[in-house]
Amino acid sequence: MAEHGPLCVGIDPHPGLLSAWGLPDDATGVRAFAMTVVEALGGRVAALKPQSAFFERHGSAGIAVLEEVLAAARGAGSTQVVLDAKRGDIGSTMAGYADAYLGEHAPLACDALTVSPYLGFGSLGPAVEAAARTGRGLFVLALTSNPEGPEVQHAVLPAGHAAGGSAVARTIARAAGELNAAETARTGAALGSVGLVVGATIGTAADELEMALDQVGGPFLAPGVGAQGAGAAEIAQVFGGARHGVLASTSRAVLGAGPDARSLLDAARRAADEVAAAVR
Numbered sequence: 038m039a040e041h042g043p044l045c046v047g048i049d050p051h052p053g054l055l056s057a058w059g060l061p062d063d064a065t066g067v068r069a070f071a072m073t074v075v076e077a078l079g080g081r082v083a084a085l086k087p088q089s090a091f092f093e094r095h096g097s098a099g100i101a102v103l104e105e106v107l108a109a110a111r112g113a114g115s116t117q118v119v120l121d122a123k124r125g126d127i128g129s130t131m132a133g134y135a136d137a138y139l140g141e142h143a144p145l146a147c148d149a150l151t152v153s154p155y156l157g158f159g160s161l162g163p164a165v166e167a168a169a170r171t172g173r174g175l176f177v178l179a180l181t182s183n184p185e186g187p188e189v190q191h192a193v194l195p196a197g198h199a200a201g202g203s204a205v206a207r208t209i210a211r212a213a214g215e216l217n218a219a220e221t222a223r224t225g226a227a228l229g230s231v232g233l234v235v236g237a238t239i240g241t242a243a244d245e246l247e248m249a250l251d252q253v254g255g256p257f258l259a260p261g262v263g264a265q266g267a268g269a270a271e272i273a274q275v276f277g278g279a280r281h282g283v284l285a286s287t288s289r290a291v292l293g294a295g296p297d298a299r300s301l302l303d304a305a306r307r308a309a310d311e312v313a314a315a316v317r
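Mapping of the sequence shown onto the numbering used here: position 55 corresponds to residue 92, and the numbering continues sequentially without gaps.
Below you can see the structure in the form of structure tokens.
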């Protein structure tokens with residue numbers, strides 16, 4: 038982030054973008070699309086974020102392309118790779134996901150993985166342990182920008198629960214903060230490796246839920262920048278004093294400039310400059 042600015046560019050080869058780029062909606066089109074983005078932006082933006090669903094929809098051929106894209110992106114200098122897979126399960130199944138995406142020599146390994154805590158934050162234990170063991174990170178869904186999110190994320194836990202009276206999202210933020218505090222005390226790092234996904238378009242929700250984002254002690258992945266309407270004012274409103282840890286995620290605002298590599302890079306640099314101004 039210090040070198041390239043706090044921008045994460047999604048690699049989202051959905052049918053509409055494939056068509057706009059003149060590519061077929063199959064694994065070959067997905068590969069051409071994704072590798073163009075990696076070649077244009079790898080080593081030039083803080084992070085790239087392949088969306089696993091758009092590769093999975095093409096079956097085994099699509100997963101093979103995702104493996105190739107992750108390897109190419111990991112080899113692209115100082116750019117980090119966030120895999121947007123939103124995995125979440127319990128026990129041995131969560132351990133399997135952790136092995137798949139966070140293992141040292143896993144074909145689908147990434148620098149950070151998005152995960153869902155909605156089977157209970159403790160269910161993420163295998164992923165937390167794997168990330169700590171291999172030096173990788175997590176972005177835990179907390180306050181997402183989709184309109185259905187609040188029915189779960191804003192729900193208040195019952196009095197009998199250990200965090201009774203707190204909203205679910207606040208409990209997630211507190212659990213992440215505890216892990217990060219222990220990690221940074223041990224390592225001396227400025228931020229821990231357990232980040233949160235907090236949408237840049239959620240307005241005052243974090244304040245209303247008393248989430249204290251400035252106490253999380255980890256990075257924030259903030260989707261919604263660009264085509265979804267969030268800019269400097271929205272980032273400042275949502276994150277306040279925690280905005281220095283924001284990695285703003287955009288897809289369409291940059292990908293729409295393709296397939297020309299120079300146009301992709303110019304769009305990414307404009308977006309990075311806008312976000313950098315917002316988080317100063």
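Each residue gets a CB set at the ideal place from its N, CA and C atoms; glycine is no exception.
Could you pull out every residue in the same chain whose Cβ sits closer than 6 Å to the Cβ of A294, ignoring the five residues on either side in sequence?
S300, L301 and A304
Can you tell me which of D62, V118, A122 and Q117 puts its alpha carbon nearest to the alpha carbon of A98?
D62
Endpoints, the alpha helix (DSSP H) within which V18 is located
Nothing can be reported for residue 18: it is not among the residues displayed for the chain, which extend from 38 to 317.
Starting from the N-terminal side, write out each stretch of the alpha helix (DSSP H) that is 4 residues or longer and does not extend beyond the segment 194-248.
205-224 and 242-245
For S89, which of P296, L145 and N183 has the nearest alpha-carbon?
L145
Range of the contiguous beta strand (DSSP E) that encloses D121:
Q117 to R124
Helix, strand or coil at G114 according to DSSP, with G and I counted as helix:
DSSP places G114 in coil when its eight states are reduced to three.
Could you compute how far the alpha carbon of G133 sits from the alpha carbon of A164?
9 Å
Which value, in whole angstroms, describes the spacing of the CA atoms of E311 and A196?
43 Å
Close Cβ partners of Y155 (< 7 Å) along its chain, the five nearest in sequence each way excluded
G125 and V189
For the segment 267-281 against the segment 212-232, are there 3 or more C-beta pairs whose distance is under 8 Å?
no
Taking just the CA atoms, how far does G236 sit from T221?
25 Å
Take G96 as the anchor and find which of L139, A64, H142 and L180 has the nearest alpha-carbon.
Comparing alpha-carbon positions, the option among L139, A64, H142 and L180 lying closest to G96 turns out to be A64.
Buried or exposed (CB count within 10 angstroms, at least 16 for buried), S115
exposed
Per DSSP, Q88 forms a beta bridge with which residues?
D121
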